[in-house]
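Following: one structure in structure tokens, then a few remarks.
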Amino acid sequence: MAKDFDFLDDANEVLKEQGETRRGADANPYRLGTNETKTTRISLELYELIRRIAFEEKRSMLDVTNQMLLEGLDSSMFSDYKKYLNN
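Using my numbering, read the sequence shown as starting at 985 and increasing by one per residue.
Laid out in structure tokens, this is it:
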């Protein structure tokens, strides 16, 4: 199995000889936006559902989760708390 990755070592050696260690921008290409996020704990079943919805709709899990929460805040049970949202 280790033999499979010998070409990566060879490529790394070539880059070192050329005086380069890596290529690409310093910015993370996977960062979707500038919104700050926090982690939260949810049940595994709900996580899998959010993941499936995001995959099928080709959206990020963050977008799906935010939409679910905002629509939940519109319900009569939590509508009083929507005033605390900055939007």
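By construction, the Cβ of each residue, glycine as well, lies at the ideal position given by its N, Cα and C atoms.
If you're wondering where the values come from, they're calculated on a predicted model, not measured in any experiment.
Exposed unless 16 or more other CB atoms sit within 10 angstroms - verdict on V1048: buried
If we ignore side chains and look at the alpha-carbon of each, how far apart do S1060 and N996 end up? 59 Å
Residue range of the alpha helix (DSSP H) that M1041 falls in? Going by the sequence as given, residue 1041 is Glu instead of Met. It spans L1028 to E1041 - the alpha helix (DSSP H) in which E1041 sits, taken as one unbroken run.
Alpha-carbon to alpha-carbon, L999 and Y1065: 55 Å
When DSSP labels each residue in this structure, what does E997 get in the three-state scheme? helix
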